[in-house]
Structures are given as structure tokens and as C-alpha cells.
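J.: So for the sequence shown, our numbering puts the first residue at 194; every next one is plus one.
Don't be surprised by glycine CBs; every beta carbon is placed ideally from N, CA and C.
My questions all concern the structure below.
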Amino acid sequence: MKYITAKALENRIIAPGFGRLLLSAPLSAEQAVPGQFIMMKFWQGTVPFLMRPFSLNSVDPEAGTLSILYKIVGEGTKLLADLPLGSDVEVLGPLGTGFPLSESMRRIAVIGRGVGAAPMRFLAERARQYGIEVHAYISANSEEHLFDKAAYLSAGCSFTGCTDGNINVTSYFAEDLQQMKFDAAYVCGSKRLMRDVSALMDQYGFEGYVSLEAHMACGIGACKGCTVPVHTEDGAEVYARVCKEGPVFPVKRIV
Ligand SMILES: Cc1cc2nc3c(=O)[nH]c(=O)nc-3n(C[C@H](O)[C@H](O)[C@H](O)COP(=O)(O)OP(=O)(O)OC[C@H]3O[C@@H](n4cnc5c(N)ncnc54)[C@H](O)[C@@H]3O)c2cc1C
Ligand code: FES
Numbered sequence: 194m195k196y197i198t199a200k201a202l203e204n205r206i207i208a209p210g211f212g213r214l215l216l217s218a219p220l221s222a223e224q225a226v227p228g229q230f231i232m233m234k235f236w237q238g239t240v241p242f243l244m245r246p247f248s249l250n251s252v253d254p255e256a257g258t259l260s261i262l263y264k265i266v267g268e269g270t271k272l273l274a275d276l277p278l279g280s281d282v283e284v285l286g287p288l289g290t291g292f293p294l295s296e297s298m299r300r301i302a303v304i305g306r307g308v309g310a311a312p313m314r315f316l317a318e319r320a321r322q323y324g325i326e327v328h329a330y331i332s333a334n335s336e337e338h339l340f341d342k343a344a345y346l347s348a349g350c351s352f353t354g355c356t357d358g359n360i361n362v363t364s365y366f367a368e369d370l371q372q373m374k375f376d377a378a379y380v381c382g383s384k385r386l387m388r389d390v391s392a393l394m395d396q397y398g399f400e401g402y403v404s405l406e407a408h409m410a411c412g413i414g415a416c417k418g419c420t421v422p423v424h425t426e427d428g429a430e431v432y433a434r435v436c437k438e439g440p441v442f443p444v445k446r447i448v
């Protein structure tokens with residue numbers, strides 16, 4: 194895996210505290226699969242010291258571009274929000290193991306909350322290219338924070354947005370499961386959503402995959418700073434690296 198220098202083509206604040214970055218990175222765009230992430234360094238010098246991980250929100254291999262949806266939470270993401278157009282961005286990736294997706298699937302659900310749902314858009318867009326029916330269930334604090342709603346709709350997905358904190362977005366998925374058969378559900382952004390999906394898998398028997406986040410130093414499996422406990426197929430408990438074996442894991446493997 195090589196470091197490449199990407200170019201910031203667009204960078205704008207889309208709601209207070211949230212931004213979207215469009216990078217020109219043809220080689221990464223060609224290789225990327227949904228669920229993978231990149232490490233980025235978008236500042237000069239050595240402070241901050243570590244590159245920062247971001248999911249691929251949308252990828253256009255023909256245009257050679259990667260789109261990143263980001264929340265401003267600290268030192269690095271504040272610098273990202275101020276990154277001028279045309280700036281060089283050091284990129285490592287695509288990294289990690291993405292979502293299993295098969296062209297033989299007929300119908301899938303993508304489920305997420307807030308900016309944690311970022312990788313779901315790329316998955317939904319790729320699935321639509323395969324002709325798979327996609328139902329998106331996304332929750333957020335407000336309508337303004339359903340950032341990718343228009344993109345899901347324009348890709349031909351059904352979109353259920355939930356901005357009522359008293360309603361769990363998985364309840365809409367549970368309703369649809371009573372009438373439709375899903376081959377798989379993909380979830381990220383919240384442990385509660387993952388637990389709900391796990392319970393629905395027991396009831397309806399579809400495949401389930403979750404994308405995890407962890408603090409990452411290297412992003413390439415070397416430092417072991419991002420490990421989480423997971424079950425092996427025969428039920429033993431082992432540690433897996435979120436950056437290498439993940440960030441996507443079968444839901445039933447999560448301890
Ligand atoms: C695989 C992966 C994909 C990600 N995708 C996205 C994405 O698409 N969009 C996005 O906005 N963010 C994403 N993140 C989180 C993003 O990497 C962090 O928000 C970012 O590194 C924070 O950098 P900072 O310098 O602004 O914050 P810092 O100053 O480093 O930290 C600010 C606060 O954020 C917390 N924090 C930092 N990193 C993480 C983390 N990885 N997990 C949980 N809390 C953290 C810190 O504990 C601290 O409280 C992803 C993380 C991972 C591991
Ligand atoms: S971040 Fe270093 S092993 Fe995962």
C-alpha cells in the first residue's frame with residue numbers, strides 16, 4: 194500500500210459542524226470497495242502527528258474521485274474544515290475489509306445513524322449498479338442531518354429517515370421485514386442499531402454485517418491499537434484489528 198498525494202477538489206460546510214470533501218485520487222477510486230476507509234493527512238508538518246481515518250462516502254472510479262463526509266470534532270477535523278481548494282492531501286488507502294456484496298443478492302437494507310452512516314451511501318450506490326434493490330434506514334438529529342438523502346433517492350433506493358429520538362429507525366426495517374425478504378442488512382454508527390439488527394437476524398434469517406470504528410494509529414494492521422474482541426466461527430474469543438480484519442465484521446462475530 195502506497196501513500197499517494199490527492200487533490201482537494203471541493204470542501205464545504207454542509208451544516209454547522211459537518212463538511213464534505215471531494216478528492217481527486219484516481220488509483221484509490223479504482224480500487225475501492227464499499228466499507229473501506231482511507232487515512233488522510235491534510236496539514237503541513239508533524240502536528241497533529243497521526244493521519245486520520247475516514248470512510249469512503251461515495252466513489253466515482255470514472256471521474257477518479259473520493260467523497261468524504263466529516264464531522265468536526267477536534268484538532269484534525271478543524272484543520273480539515275479550513276482546507277483550501279486545490280490543497281494536497283496525503284492519502285493511504287483504500288484500507289481494510291469492506292462489506293460482502295454479491296450480484297446475486299436481490300434486496301438489501303442499509304442502516305445507520307448520523308455521520309456514522311457515511312459508508313452506507315457508497316454501499317448503496319454500488320449495490321444499485323449491480324441491480325440490487327436497496328432500502329436505506331437512516332436516523333439523525335434533524336432533517337438537515339440526513340446528509341445523503343438526495344443521493345440515496347437519485348440512486349433509486351427507498352429512503353426512510355428518522356429524526357424522532359423516541360423512535361428507533363430499525364422499527365421501520367422490522368415493519369418491512371414482515372412483507373419483504375431481505376438477503377442482507379448492513380449497519381453502522383451505533384451499537385444499539387447493531388443489537389436490533391442482530392435480534393431481527395434471529396427472527397428473519399438474513400445475513401448481517403456491521404462497520405466498526407476504533408481509535409487508529411497506523412491504519413494498516415501494524416500497531417494493534419485498534420483491536421476489538423470477536424468470536425471465531427467455532428465460538429472462541431479472539432482479538433481482531435478493526436483496520437485490517439475490519440472495519441466490517443459479521444454482526445454475529447461481535448462480542
Ligand atoms: C474506520 C473509520 C472510519 C471513520 N469514518 C469517519 C467518517 O466518515 N466521517 C467522520 O467524520 N469521522 C470518521 N471517523 C472518525 C474520525 O477518524 C475521527 O473523528 C477523527 O480522526 C477525529 O480527528 P480530530 O483530530 O478532529 O479529533 P481528535 O482531536 O483526535 O479527537 C477529538 C475527539 O474525538 C474522539 N475520536 C477521535 N477519533 C475517534 C475514533 N476513531 N472513534 C471514536 N472517537 C474518536 C476523541 O476521543 C476525542 O474525544 C472514522 C474513524 C474510523 C476508525
Ligand atoms: S490502527 Fe494500527 S493495527 Fe489498526
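Given 8 angstroms as the limit, tell me if residue 350 has its C-beta closer than that to any heavy atom belonging to ligand 1.
T.: Checking every heavy atom of ligand 1 against the Cβ of residue 350, none is found closer than 8 angstroms.
J.: Work out the CA separation of residue 240 and residue 234 for me, nearest whole Å.
T.: Taking the straight line from one Cα to the other gives about 10 angstroms.
J.: Check whether the Cβ of residue 265 lies closer than 8 angstroms to any heavy atom of ligand 1, and answer yes or no.
T.: It does: the Cβ of residue 265 is within 8 angstroms (strictly closer) of some heavy atom of ligand 1.
J.: Measure the alpha-carbon distance for residue 305 versus residue 381 and round it to whole angstroms.
T.: C-alpha separation (whole angstroms): 5 angstroms.
J.: So residue 362 and residue 332 are supposed to be a Cβ contact under 8 angstroms. How far apart are they, rounded?
T.: Right, the Cβ-Cβ distance comes to about 4 angstroms (below 8 angstroms), so this counts as a contact.
J.: For residue 357, count neighbouring C-beta atoms within 10 Å of its own C-beta (all shown protein chains included) and say buried if the count is 16 or more, exposed if not.
T.: Exposed, since its Cβ has fewer than 16 Cβ neighbours within 10 Å.
J.: Verify the contact flag: residue 435, CB atom, against every heavy atom of ligand 2, threshold strictly below 8 angstroms.
T.: Checking the Cβ of residue 435 against ligand 2 gives yes.
J.: Determine the direct distance from the alpha carbon of residue 196 to that of residue 359, and round the result to whole angstroms.
T.: Roughly 44 angstroms separates the two Cα atoms.
J.: Nearest CA to the CA of residue 399: which residue from 256, 300, 440?
T.: Of the listed residues, the one whose Cα sits closest to residue 399 is 300.
J.: Tell me which residue opens and which closes the beta strand (DSSP E) that residue 251 is part of.
T.: Element bounds for residue 251: 251–253.
J.: Compute the Euclidean distance between the alpha carbons of residue 222 and residue 315, then round it to the nearest angstrom.
T.: Near 11 angstroms, if we compare the C-alpha coordinates of residue 315 and residue 222.
J.: On a Cα-Cα basis, can you pick out the residue from 325, 338, 296, 376 that is closest to residue 310?
T.: Comparing Cα positions, the closest option is 338.
J.: Examine ligand 2 and report whether any of its heavy atoms sits within less than 8 angstroms of the Cβ of residue 411.
T.: Yes.
J.: Compute the Euclidean distance between the alpha carbons of residue 446 and residue 408, then round it to the nearest angstrom.
T.: One C-alpha to the other measures close to 20 angstroms.
J.: I believe residue 231 touches residue 286 by the beta-carbon criterion, under 8 angstroms. Please report the beta-carbon distance rounded to the nearest angstrom.
T.: Yes, residue 231 and residue 286 are in contact; Cβ-Cβ is about 3 angstroms, under 8 angstroms.
J.: Roughly how many angstroms lie between the CA atoms of residue 353 and residue 329, to the nearest whole one?
T.: Near 6 angstroms, if we compare the C-alpha coordinates of residue 329 and residue 353.
J.: Suppose you measure from the CA of residue 347 to the CA of residue 321; what does that come to, to the nearest Å?
T.: One C-alpha to the other measures close to 10 angstroms.
J.: To which residues of the same chain is residue 227 closer than 6 angstroms at the C-beta, ignoring the five residues directly before and after it?
T.: So the list reads 291, 292, 315, 316, 319, once near-sequence residues are dropped.
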